[in-house]
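As structure tokens, the structure follows; a few thoughts come after it.
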Ligand SMILES: Nc1ncnc2c1ncn2[C@@H]1O[C@H](COP(=O)(O)OP(=O)(O)OP(=O)(O)O)[C@@H](O)[C@H]1O
Ligand SMILES: [Mg+2]
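Protein chains in written order, with full-length UniProt numbering: chain A, 1 to 246; chain B, 1 to 415.
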């Protein structure tokens, strides 16, 4: 299931490919008043090709974790390595570069630009990462085809169903071939039929060797993943592994 | 900022992509874009129109104001009919020795009286020949007036005081009149016939520097004309008028002195027309029109800048979600700032282009309506759209800063 192993400097532990994510004692406290510790110092390792669900009740710190993983936020403590690169002390330039080239985001509310077609929304992801102009359109069409939207490339988001919109967003997240797909409640705004279509895409992506981290409070969604991580009250717990607390 | 520690190339936003994104942002809301540009359009349009009209008007003055005009003074007659029985025309106000009196005024080079010969008598090449005078003006003129006309003689001589005093039946012909009347050589003392009476042709001229009305075709001495055709009407177009050639710069002073020099007892009888004062005209145009309208243009531009700044700021606030999304797709904060800065600059440039177009059209329309030659100085017209760009750029600075400072996290949450 996982990609062929090649040990890197960060090492590949038992059971798979190189580490994509390595959190060591990462915590996030929002300065008050009163200060809120949204995530207590936690460890987490995710390898290439893994499909990980992060579950937990509302306000437990799931989004906080995802923002840290996506370099949209910086940890208050601990160290975070993405693809073996220590992200501590990186400036806006490098963090933006990593986001643009190695991370694909899928948000609960899609975040599609309403005035642009499905294809143009996907093209947006290639704007900042030096994709040659000549290759962009073909790559966007291919990404849309992979989420089953080859026939809707010229549709505006307003004319698409919720599931189709989320698939456009997935195509946008995929188009640059990221190391990591980060999805925050990707099915949160979808009915069960549309949710199922999206989850089927995730299964396909997992089968193709993509690394997925999906945040959800829906046990049915979490059940589709091969691995599940729970957050409760800002504390990361993984069934079958010892809880880490700081 | 920390140096890049990443192996590959960093995020970037190419110029073409930047411009395309900015234009797409601007064109998304055409109505708002049009309203936003209005101030810039008006400001730049007023700027171009004012400078263009000023240049056009000045050029017009320059065109009309040549040296001949600057050294020409004319005077007409307003004879008083006081104390005369009705029906009796008052005599002309010009004294008999007008030529001499004019010559005594300081700054006068030559001056005298002229009038169209009354009754339009027939002109012919032979005593009983057909009238060939159609379209040829027949003037009576004193030697001083002929000298003031400064005719370019192609043969013979102009009038001299002797022919005036002795009321000689002589005539000067324009080249056109000479051809029409069959006069080619003067050594045979040819004659033309006015009302059947012969006038010896003493000179032929090709043109005159100062035209009394239209180009005169035939000029006869004033004294001879008075004797044979009687007095002209006292005033008006067909009445006696003075034509004076002055030295350069003396026209104004000559115009002021002329009435008193001619008639110390009744100076009010004359309407004197001095040449236009070029400096007065130009300064007037420059100070009143230009100053006022350039100030208005500046105010319009300021309003335009505030409009663009406001719209761009609203766009930044409206599009925080988009900003967050772009950041998640790898945009650096400077890319986001650059996008909004480019949008505001595009707004300003577009406004500048439209304003320049309107300004040019205004100048052309006014020039066409006034029958002027439109003058558009490239130095003032070509950079005008750039002023719009600068206005847009400046107006976009604060909104772009706000966009750059937008926290991507909060921006994404807002969606
Ligand atoms: N910027 C912030 N400042 C202060 N507190 C914050 C901030 N962001 C999040 N929090 C707090 O951190 C805790 C975790 O928030 P987070 O958004 O990660 O929860 P979540 O698990 O994603 O919840 P949900 O399922 O409702 O999305 C919450 O108590 C929240 O109020
Ligand atoms: Mg959340």
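Virtual Cβ for every residue (Gly too), placed ideally from N, Cα, C. Predicted model only: the values in this text are computed from it and were never measured.
query, result
"Collapsed DSSP secondary structure at residue 110(B) in the structure displayed", "strand"
"Residue 99(B) beta carbon less than 8 Å from that of residue 144(B)", "yes"
"Residue 222(A) Cβ short of 7 Å to ligand 1 heavy atom set", "no"
"CB contact check: residue 1(B) to chain A, cutoff 8 Å", "No answer about residue 1(B) holds up, because its pLDDT of 46 lies below 50 and its placement is not dependable."
"Residue 216(A): first and last residue of the uninterrupted beta strand (DSSP E) it sits in", "Looking at the DSSP string, residue 216(A) is not in any beta strand (DSSP E), and its letter there is neither H nor E."
"Distance between residue 121(A) and residue 18(B) (C-alpha atoms, nearest Å)", "16 Å"
"Cβ-based burial, residue 399(B) [other Cβ within 10 Å; buried from 16]", "buried"
"Cutoff 8 Å: residue 8(B) Cβ touching any chain A Cβ", "yes"
"Minimum Cβ-Cβ distance from residue 329(B) to chain E less than 8 Å", "The question asks about chain E, but that chain is absent: this structure's protein chains are A and B."
"Interface partners of residue 28(B) on chain A, CB under 7 Å", "115"
"For residue 257(B) and residue 245(B), the rounded distance between their alpha carbons", "14 Å"
"Per-residue contacts from residue 429(B) into chain A (C-beta, under 7 Å)", "This structure gives no information on residue 429(B), because the portion of chain B shown stretches from 1 to 415."
"The stretch 154–171 of chain A: positions lying closer than 8 Å to chain B by Cβ", "none"
"Minimum C-alpha distance to residue 24(B) - residue among 33(A), 113(A) and 145(A)", "113(A)"
"beta-carbon residue 109(A) near ligand 2 non-hydrogen atom, thresh 7 Å", "no"
"Buried versus exposed, by CB contacts within 10 Å (16 or more), residue 72(B)", "buried"
"Cross-chain neighbours of residue 321(B) in chain A, by beta carbon under 7 Å", "111"
"Secondary structure of residue 281(B), DSSP reduced to three states", "Its pLDDT being 49, under 50, residue 281(B) is placed unreliably by the model, and nothing is read from it."
"Contacts around residue 36(B), its chain only, beta-carbon distance under 7 Å, and the 5 residues preceding and following it disregarded", "307, 308, 311 and 347"
"CB contact flag (residue 60(A), residue 184(A), <8 Å)", "no"
"Sequence-distant residues of the same chain with beta carbon closer than 6 Å to residue 217(B), five excluded per side", "136, 137, 174 and 177"
"Under 6 Å, CB to nearest heavy atom of ligand 1: contacting residues", "30(A), 36(A), 38(A), 56(A), 58(A), 59(A), 60(A), 61(A), 62(A), 63(A), 64(A) and 217(A)"
"Bridge partner(s) assigned by DSSP for residue 183(A)", "106(A) and 214(A)"
"Separation of residue 144(A) from residue 322(B), as counted between CA atoms", "21 Å"
"Continuous beta strand (DSSP E) assignments of at least 3 residues falling wholly in the stretch 228–253 of chain B", "241–246"
"7 Å Cβ cut-off: residues of chain B touching residue 97(A)", "6, 10, 11 and 330"
"Contact test: residue 184(A) Cβ vs ligand 2 heavy atom, cutoff 7 Å", "yes"
"Touch test, the stretch 48–57 of chain B against the stretch 362–379 of chain B, Cβ-Cβ under 8 Å, three pairs minimum", "yes"
"Within chain A, partners of residue 401(B) - CB distance below 8 Å", "Going along chain A, no residue has its Cβ under 8 Å from residue 401(B), so there is no contact; the nearest lies around 15 Å."
"Buried or exposed by the 16-neighbour rule on C-beta atoms within 10 Å, applied to residue 30(A)", "exposed"
"Under 8 Å (Cβ pairs) to chain B, residues found in the stretch 219–243 of chain A", "none"
"Whole-Å CB distance - residue 393(B) paired with residue 344(B), under 8 Å assumed", "7 Å"
"Beta strand (DSSP E) runs wholly inside the stretch 3–89 of chain A, at least 3 long, in chain order", "19–30, 36–47, 51–55 and 77–82"
"Per-residue DSSP class, three states only, for residue 17(B)", "helix"
"Cutoff 8 Å: residue 67(A) Cβ touching any chain B Cβ", "yes"
"Sub-8 Å separation of residue 68(A) and residue 43(A) beta-carbons", "no"
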